[in-house]
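J.:
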Amino acid sequence: MLRIFRIISRYPLKQKSMQVSQTRFRIYFQLFLLFLSAIMTAEEQKALHYGLHQETITVNSIETGYTSAVYCRGRFSSHIGRETMIRYNELEAIGGLKARYRTSNHKYKDLGESEIHRSDAPEEAFDNGTSQYVISWPSKGEEEMDFLYTYKVNCKELMALSSIRINDAVRTDTFDYTIRVPKGMQLFYRLPAGSDFIQTDSNSTEAGMIYHFRAYPKKEIVRPENFPDYAYPLYQPQNIRLILVRENESNAWMRLNNWYLHFEESTSSLNETNKLLALKLKDTCTNADTITSRVFSYVQKHIFYSDRGGYLPHECNEVLKTRRGDCKDMSLLLVKLLNQCGFEANLALSSTLDYESDLDFPSLASANHMIAVIKVKNRYIYLDATDPAGRYGLPPLQVQGRKIFIITKDGGRLDSIPTPSGFDNRNRISIHLTPSGNDLNGTIFSDYHGFSRHDADLARMISPSGYDSLLGKMICYGSHETVTDNLKITKDDSLLTVMAGITVKYKVNAKDKMKTIKLNFLPFPHKYPVKLLPDLRLLTFQTIQNKMECEISFTKLVELKSFENVSFNSGGFHFELKVFQSSPKSIHLYYSFSYNGLEILPEQVQAYNDLNALIEKTLNSELSYLE
């Protein structure tokens, strides 16, 4: 009925007996539409504004790839931001792109070639495109505009069909995919979690199998404005991951391994100049850890990270010449240099902690990162040169605890990167204060071990000139009542130590003979004092075991009044604060925080918020004593 009304409203009225103008009629009709919209269901309203994305994928063979016919229609409900982006990867070629739109006189018009532009596209994962076509639709005219575009994809390598993306630059209400697989091949696929929005069916024909996926995309979760960078939306993956193998192949992981190994081996080897570079790094050293550490440090310090996108690494000699590369380029360069030094090193696909999948399916779409793996003295060393503060011997920060797939000549191996315990990431802060007038003065000492020193190392790289002030803020994190000066830094291979003078800009309150000190000068025991929302998750990237203590020494005898110790142990989080009198002239405060996870899971959000509320309340309480 709505469609009929909309068609009627586009034509002039011919009946002279009607005493209302065509313009007034359309105004009345639009008001009527608004009334109908108010009583329509959500799905009916969406049908007015969103269209259909149809794609038929015809598989030719594993060797020759596939062709795909795409048809998309829809409606812009506003004249603002009328652009469509069509991304494609380095293995795909787009042809026959045609775009049409409905003009103000309700006729379809072809869009000119000058309104379709090709450009590079930002990358996030292997399955994203390296380039894009941008269709610039007319931005003038009516608020609403119907559009239609079609094109064909010719892919020279079937592995590029690693996922079908249930999303589009233009929101569409329905995605309809048909995949035609010839005889002699079998398709494996993995639907996204919570895939109730996808309907699937398949049927056999004389030519092979036909798979049909019909999807109604879920609403995307967006990070609230001004929310911390370390909090991420809870993923609702909307990609269907795929892999195709021959019927006589039983292992889809082996298919993925052999495909990538083919391209890795076809990448040119180090030239003579760069072979000499590898030997120079090795020098006369015979210690395996020392040699591999040198190679890792060289790539980490001399190759500037540049996101280049695509599936495959660039030629290693070109990466050394330009000193630019992404994770694939750096990892391949590490492998080539280490091979030249006599070590067996391999590339490994991985997914970072903030990625939607944990490499649980043999598809390139399951990964968004690559590292190098080397076996030294019967233990595996995982090398990620993209982290400028990463340290040799520790698991890479952004992939610890995640699955990796190591590319080998014998079919590949699925492995997991270990997660260091909190003990290996410990941070200890000691404060010694003495009342001076109405202030507290003294020293603060902090040491960082393992991953706990990562942020300190990164701060030095980001702001060499402001490094001291950044460290001062780090050791007094969350406290606005402290000032540090005369900061001194010492470090060795495993430990970073910071010492500074400290002044608590807070006056000691005195009531009769009783004196109180507010505890808000104490550092927050962890660096994430944020209240989590139900649809967000928080990545800590580090297991945490922080211990903090403060000794307040007096020039007179003191008597600590009763102080109720605080303890919290729930959801995997542990926090406690104890206050006791250590001598007739000193009061000791001890508190600790620990968590052995790398992210705050949805089921932990309530406990986490309760914990932070308790810590904030505790650090705003008062310590009372008699002098």
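Numbering of the sequence shown is given in my numbering, commencing with residue 27 and proceeding in unit increments. Where is the CB? At the ideal position from N, CA and C, for every residue including glycine.
(1) Could you check what DSSP says for V96 in three-state terms: helix, strand or coil?
(2) How many whole angstroms separate the CB atoms of F477 and N451, which I take to be in contact at a CB cut-off of 8 Å?
(3) With a threshold of 7 Å on Cβ separation, who are the neighbours of K553 within its own chain once the five nearest residues in sequence on each side are excluded?
(4) For P610, count neighbouring Cβ atoms within 10 angstroms of its own Cβ and tell me buried if that reaches 16, exposed if not.
(5) With 16 other CB atoms within 10 Å as the buried threshold, where does E648 fall?
(6) When the Cα atoms are used, what is the spatial distance from A186 to Y256?
(7) Leaving out five residues before and five after V361 in sequence, what residues of the same chain have Cβ atoms less than 7 Å from its Cβ?
(8) Could you check whether I190 and I269 sit closer than 7 Å to each other, using their CB atoms as the reference points?
(9) Just the C-alpha distance for F387 and P243, rounded to the nearest angstrom, thanks.
(10) If you draw a straight line from the C-alpha of F471 to the C-alpha of G597, how long is it?
(11) What do you reckon, are the CB atoms on L603 and T542 nearer than 7 Å?
(12) Looking only at its own chain, which residues have a Cβ that is under 7 Å from the Cβ of S295, when we skip the five neighbours before and after it?
(13) Could you pull out every residue in the same chain whose Cβ sits closer than 8 Å to the Cβ of T460, ignoring the five residues on either side in sequence?
(14) Per DSSP, what kind of secondary structure is C502 in: helix, strand or coil?
(15) N193 and Q80 - do their beta-carbons sit closer together than 7 Å?
(16) Can you give me the Cβ contacts of N646 inside the same chain, cut-off strictly under 6 Å, excluding the 5 residues immediately before and after it?
(17) Which residue from F239, G427 and L652 puts its Cα closest to that of T378?
(18) From the DSSP output, in three-state form, read off K182 for me.
(19) Can you tell which of G437, E341 and H480 has the C-alpha that lies nearest to the C-alpha of G416?
(20) Considering only the alpha carbon of each residue, which of D413, I501, S292 and R405 lies closest to E328?
(21) Specify, as a first and last residue, the run of the alpha helix (DSSP H) that K301 falls within.
(22) Taking Cβ to Cβ, would you say Y114 is nearer than 7 Å to T176?
(23) Which of helix, strand or coil does DSSP assign to A639?
(24) Does the Cβ-Cβ distance between T226 and F239 come in under 7 Å?
(25) Which residue from R144, R126, T90 and G77 puts its Cα closest to that of L137?
(26) Please list, in chain order, all residues of the same chain as E507 whose beta carbon is under 6 Å from its beta carbon, the five residues on each side excluded.
(27) Please report the Cβ distance between N622 and G448, rounded to the nearest whole angstrom; I am assuming they are in contact, meaning their Cβ atoms lie under 8 Å.
(28) Compare the C-alpha of R281 against each of L615, R439, S505 and H614 and name the closest.
(29) What residue ranges within the stretch 322 to 366 form continuous alpha helix (DSSP H) runs of no fewer than 4 residues, ordered along the chain?
(30) Check the DSSP bridge columns for Y616 and list the partner residues they point to.
(31) What does DSSP give as the partner residues of D172 in its beta bridges?
(32) Using the beta-carbon count (16 or more within 10 Å), is I488 buried or exposed?
(33) Assuming the contact rule is C-beta atoms closer than 8 Å, D561 and P164 should be a hit. Round their C-beta distance to whole Å, please.
(34) Given that a residue counts as buried once 16 or more other Cβ atoms are within 10 Å of its Cβ, and exposed if not, what is M396?
(35) On a Cα-Cα basis, can you pick out the residue from I641, G77 and V592 that is closest to S505?
(36) Grab me the residues of Y616's own chain with a C-beta within less than 6 Å of its C-beta, minus the 5 sequence neighbours each way, in chain order.
T.: Result, derived from the coordinates:
(1) In the displayed model, V96 falls within a strand according to three-state DSSP.
(2) The beta carbons of F477 and N451 sit about 4 Å from each other, so the pair counts as a contact at 8 Å.
(3) Around K553: Y503.
(4) Answer is exposed; the Cβ neighbour count stays below 16.
(5) Per the 10 Å Cβ criterion, exposed.
(6) Straight-line Cα distance between these residues: approximately 31 Å.
(7) Spatial neighbours of V361 in its own chain (CB-CB distance under 7 Å, excluding positions within 5 residues in sequence) are listed in chain order as A371, N372, L373 and A398.
(8) No, the pair does not count as a contact, with Cβ atoms beyond the cut-off.
(9) Between F387 and P243, the alpha-carbon positions lie close to 22 Å from each other.
(10) Put simply, the backbone Cα of F471 is about 30 Å away from that of G597.
(11) In this structure, T542 does not lie closer than 7 Å to L603 by Cβ.
(12) Excluding sequence neighbours, S295 sits near K362.
(13) Taking C-beta separations shorter than 8 Å and ignoring five residues to either side along the sequence, the partners of T460 in its chain run L466, N467, G468, I578, S579, F580 and T581, following chain order.
(14) Under the three-state reduction of DSSP output, C502 falls in the coil class, being neither helix nor strand.
(15) Taking 7 Å as the cut-off, the beta carbon of Q80 is found no closer than this to the beta carbon of N193.
(16) So the list reads N546, once near-sequence residues are dropped.
(17) Residue G427 holds the alpha-carbon nearest to the alpha-carbon of T378 among F239, G427 and L652.
(18) Shown here, K182 sits in coil according to DSSP, grouped into three states, outside any helix or strand.
(19) The residue with the shortest Cα to Cα distance from G416 is H480.
(20) In the sequence under discussion, the amino acid at residue 328 is His, which differs from the Glu named in the question. Cα-wise, what sits closest to H328 is D413.
(21) E298 to K308 is the extent of the alpha helix (DSSP H) around K301.
(22) Not in contact: Y114 and T176 (Cβ atoms no closer than 7 Å).
(23) For A639, the three-state secondary structure derived from DSSP is helix.
(24) Yes.
(25) Measuring from the Cα of L137, the nearest candidate turns out to be R126.
(26) Taken in chain order, the residues that qualify are V530, K531, Y532, N546 and F547.
(27) Right, their Cβ atoms sit about 5 Å apart.
(28) Measuring from the Cα of R281, the nearest candidate turns out to be R439.
(29) Look at the stretch 322 to 366 and you find these whole runs of alpha helix (DSSP H), each 4 residues long or longer: 342 to 348 and 353 to 366.
(30) Partner(s): E575 and K604.
(31) Bridge partners of D172: R101.
(32) By the neighbour-count criterion, in which a residue is buried when 16 or more other Cβ atoms sit within 10 angstroms of its Cβ, I488 is exposed.
(33) At roughly 36 Å, the Cβ-Cβ gap does not stay under 8 Å, so D561 and P164 are not in contact.
(34) With 16 or more Cβ atoms within 10 Å of its Cβ, M396 is classed as buried.
(35) Selected option, being the one with the closest Cα: I641.
(36) Only E575 and K604 meet the Cβ criterion.
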